[in-house]
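> Residue -9 is where the sequence shown starts when you use the numbering used here, and the numbers rise one by one after that. Positions of the beta carbon are idealized from the N, C-alpha and C atoms, including for glycine. Note that the structure is a prediction, hence the values are computed from the model and not measured.
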Amino acid sequence: MNLLRKILFPFAILYGWITSIRNFLFDTGILKSQAFSLPVIAVGNLSVGGTGKTPQIEYLIRLLSDKYNVATLSRGYKRKSKGFVLGDSNATSEILGDEPFQFFQKFPQIKVAVDANRVNGIEQLLSQSQKPDIILLDDAFQHRKVRAGFYIMLTAFDDLFYKDFMLPTGNLREVRSGVNRADVIVVTKCPTNISSDKQEEIKSKIRSYLEKDIPVFFSYIDYEEYVYSENEKISLKEFQVVDKIVVSGIAKPEPFFAYLQAVKKSAMVFPDHHNFYEKDIKEILETANGRKIVTTEKDFVRLKGKLPISQLYYLPIKSSFVTSSNEFDKKILEYVGASTRNS
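#1: Tell me, to the nearest whole angstrom, how far the beta carbon of residue 36 is from that of residue 151; I am working on the premise that it is less than 8 Å.
#2: When you compare only the Cα positions, how much space is there between residue 51 and residue 228?
#3: With a threshold of 16 other CB atoms inside 10 Å of the CB of residue 279, please say whether the residue is buried or exposed.
#4: Just grab the DSSP bridge partners of residue 24 for me.
#5: Tell me the DSSP secondary structure of residue -3 in three-state form.
#6: Could you name each continuous alpha helix (DSSP H) segment of 4 residues or more that falls completely within the segment 269 to 314, going from the start of the chain to the end?
#7: Are the segment 192 to 200 and the segment 231 to 241 touching by the rule of at least three beta carbon pairs closer than 8 Å?
#8: Is residue 289 closer than 8 Å to residue 206 when the C-beta atoms are compared?
#9: At what residues does the alpha helix (DSSP H) containing residue 83 begin and finish?
#10: DSSP on residue 178, reduced to helix/strand/coil?
#11: With a 10 Å radius around its C-beta and 16 neighbouring C-beta atoms as the bar for buried, classify residue 272 as buried or exposed.
#12: What's the gap between the Cα of residue 333 and the Cα of residue -6?
#13: Applying the 10 Å Cβ sphere with the 16-neighbour rule, what's the burial state of residue 48?
#14: Going straight from the alpha carbon of residue 306 to that of residue 214, what length do you get?
#15: Count the CB pairs spanning the segment 3 to 21 and the segment 104 to 112 that are closer than 8 Å, and state whether there are at least three.
#16: Which residue wins for smallest C-alpha separation from residue 167, given the options 64, 132 and 114?
#17: Using beta-carbon positions only, say whether residue 140 and residue 45 come within less than 8 Å of one another.
#18: Quick one: what does DSSP say residue 107 is sitting in, helix, strand or coil?
#19: State the start and end residues of the unbroken alpha helix (DSSP H) segment that holds residue 256.
#20: Roughly how far, in whole angstroms, is the beta-carbon of residue 134 from the beta-carbon of residue 64, given that I think they are within contact range, below 8 Å?
#21: By how many angstroms is the C-alpha of residue 274 removed from the C-alpha of residue 285?
#22: Between which two residues does the alpha helix (DSSP H) carrying residue 227 extend?
#23: Does the Cβ of residue 80 have 16 or more other Cβ atoms within 10 Å, making it buried, or fewer, making it exposed?
#24: Can you tell me where the alpha helix (DSSP H) holding residue 196 begins and where it ends?
#25: Report the option in 146, 192 and 224 whose CA atom is closest to the CA atom of residue 241.
#26: Three or more C-beta pairs closer than 8 Å, one from the segment 209 to 223 and one from the segment 292 to 312: is that the case here?
#27: Bridge partners for residue 101 per DSSP, in chain order?
#28: Among 281, 124, 190 and 31, whose alpha-carbon lies nearest the alpha-carbon of residue 137?
#29: Going along the chain, which residues of its own chain have a beta-carbon closer than 7 Å to the beta-carbon of residue 88, five neighbours each way excluded?
#30: Select from 295, 202 and 143 the residue whose C-alpha is nearest the C-alpha of residue 221.
#31: Would residue 165 pass as a contact of residue 327 if the rule is Cβ separation under 8 Å?
#32: So, with DSSP's three-state summary, where would you put residue 322?
#33: Would you kindly report the start and end of the unbroken beta strand (DSSP E) that includes residue 51?
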């Protein structure tokens, strides 16, 4: 924790107090939450950034979209559009935001919408001629104006919520007791070889904050076996030995760099959700000096069209469970099956 964050500790106490009052007002019904008749699953966290919400949403899409009409609803962080927008043939990352645009390109069978006002966003989706059966709310754990039917709370293995502090001293958006709104908790970005003892240790510490029995699962980031460009794919094994640079504009990119064995001189780091401007593109091309450029899937949707097709590649990731994936799937499917009109 740096010195400035320590100095700002009194503001962290104040922020925690304000968010606790807000949650109390929603919990007691003084401030109103709106529920909907279809299943709504909210994925979020207690902290800012870097817990793996995007791969978790994609996991749910894969689990549900074969049987149900699925829609995702996001705020559309850093998009240049306003209000409710439904992804269509004119969609870009600037219109939808990078993560929703990634969903839109990757899963053509679903509806992808953005709206900072989640109540309005859901109402707009339900006004469509083909209504969704399920809505997945991206980054909506603190969005109390909607009362989702099922809450998935994520906490990253290397930044567990019970070790963190309130903003601005730490990264928590609300006090730790907010975990009790969750229906399941997923510890994300775990080592693939995390031991049973370590899992039990983390579960025990999480349970010390729980007022009810909430199941805890452990997941890790799984990388695909190929890297992709706009028009080809290359096996990762073959790509590992290619002379390349690695570019990232995501929170906590270190595991991505490590997986691609990127040395410091060939790794370019930009801020999370960075909009790549002309000067950035020039810097990337100069650093690459004709070499291939590999990036994350999120960054690819923002870099596509700005860098040469022959140079730009991305490595997709997905969320996989260390154990108990069937139990997690069962909880989701039981909730959806009991709540959807197709049950």
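Walking through what the data contain:
#1: For the purposes of this step, residue 36 is taken as residue 46 along the sequence shown, with counting starting at 1. For the purposes of this step, residue 151 is taken as residue 161 along the sequence shown, with counting starting at 1. Sure, about 5 Å apart at Cβ, within 8 Å.
#2: The residue you call residue 51 lines up with position 61 of the sequence shown. The residue you call residue 228 lines up with position 238 of the sequence shown. Each residue's Cα considered, the two are about 30 Å apart.
#3: What you label residue 279 is simply residue 289 of the sequence shown in a count that begins at 1. The residue in question, residue 279, is exposed, as its Cβ has fewer than 16 Cβ neighbours within 10 Å.
#4: Translated into the one-based positions of the sequence shown, residue 24 becomes position 34. Answer is 136, bridged to residue 24.
#5: Here residue -3 refers to the residue found at position 7 when the sequence shown is read from its first residue. In the structure shown, residue -3 sits in a helix (DSSP, three-state: H, G or I).
#6: 287 to 293
#7: no
#8: Along the sequence shown, one-based indexing puts residue 206 at 216. Along the sequence shown, one-based indexing puts residue 289 at 299. Against a cut-off of 8 Å, the Cβ pair of residue 289 and residue 206 comes out as no contact.
#9: Here the question's residue 83 lines up with position 93 in the sequence shown. 83 to 86 is the extent of the alpha helix (DSSP H) around residue 83.
#10: In the sequence shown, counting from the first residue as 1, residue 178 sits at position 188. In this structure, residue 178 counts as strand in the three-state DSSP scheme.
#11: Counting from one through the sequence shown, the residue named residue 272 turns up at place 282. Exposed: under 16 other Cβ atoms inside 10 Å.
#12: For the purposes of this step, residue 333 is taken as residue 343 along the sequence shown, with counting starting at 1. For the purposes of this step, residue -6 is taken as residue 4 along the sequence shown, with counting starting at 1. Note that residue 333 scores 42 on pLDDT, short of 50, meaning its location in the model is unreliable and no value can be drawn from it.
#13: Residue numbering aside, residue 48 sits at position 58 when the sequence shown is read from its first letter. Counting Cβ neighbours within 10 Å, residue 48 comes out buried, since at least 16 surround it.
#14: Here residue 306 corresponds to residue number 316 of the sequence shown, with the count starting at 1. Here residue 214 corresponds to residue number 224 of the sequence shown, with the count starting at 1. Their backbone Cα atoms lie some 6 Å apart in a straight line.
#15: no
#16: Position 177 of the sequence shown holds residue 167. With distances taken between Cα atoms, residue 167 lies closest to 132.
#17: As a first step, residue 140 must be located in the sequence shown, where it is residue number 150. As a first step, residue 45 must be located in the sequence shown, where it is residue number 55. No, Cβ-Cβ distance for residue 140 and residue 45 is not below 8 Å.
#18: Along the sequence shown, one-based indexing puts residue 107 at 117. DSSP places residue 107 in coil when its eight states are reduced to three.
#19: For this step, residue 256 is matched to residue 266 along the sequence shown. Counting along the chain, residue 256 falls outside any alpha helix (DSSP H), and DSSP gives it neither H nor E.
#20: Position 144 of the sequence shown, counting from 1, holds the residue named residue 134. Position 74 of the sequence shown, counting from 1, holds the residue named residue 64. In fact, because the Cβ distance is near 17 Å, the residues do not count as touching under 8 Å.
#21: Here residue 285 refers to the residue found at position 295 of the sequence shown. Here residue 274 refers to the residue found at position 284 of the sequence shown. Computed Cα separation, rounded: 11 Å.
#22: Locating residue 227 in the sequence shown gives position 237, where the first residue counts as 1. First-last of the alpha helix (DSSP H) with residue 227: 226 to 230.
#23: On the sequence shown, position 90 is the one that residue 80 refers to. Counting Cβ neighbours within 10 Å, residue 80 comes out exposed, since fewer than 16 surround it.
#24: The residue labelled residue 196 in the question sits at position 206 within the sequence shown. Residues 186 to 197.
#25: One-based indexing of the sequence shown puts residue 241 at position 251. Ranking the options by Cα distance to residue 241, first place goes to 146.
#26: yes
#27: Your numbering for residue 101 matches position 111 in the sequence shown. For residue 101, which the question treats as bridged, DSSP gives the partners 61.
#28: For the purposes of this step, residue 137 is taken as the residue at position 147 of the sequence shown. When only C-alpha atoms are compared, the closest one is 31.
#29: To locate residue 88, count along the sequence shown from 1; it is residue 98. So the qualifying residues of the chain are 263, 288, 291 and 292.
#30: In the sequence shown, the residue the question calls residue 221 occupies position 231. Nearest C-alpha to residue 221: 295.
#31: The residue labelled residue 165 in the question sits at position 175 within the sequence shown. The residue labelled residue 327 in the question sits at position 337 within the sequence shown. Their beta carbons are not under 8 Å apart, which means residue 165 does not touch residue 327 by this criterion.
#32: Numbered from 1 along the sequence shown, position 332 holds the residue referred to as residue 322. It is helical.
#33: Along the sequence shown, one-based indexing puts residue 51 at 61. Residue 51 -> not in any beta strand (DSSP E); alpha helix (DSSP H) instead, spanning 43 to 54.
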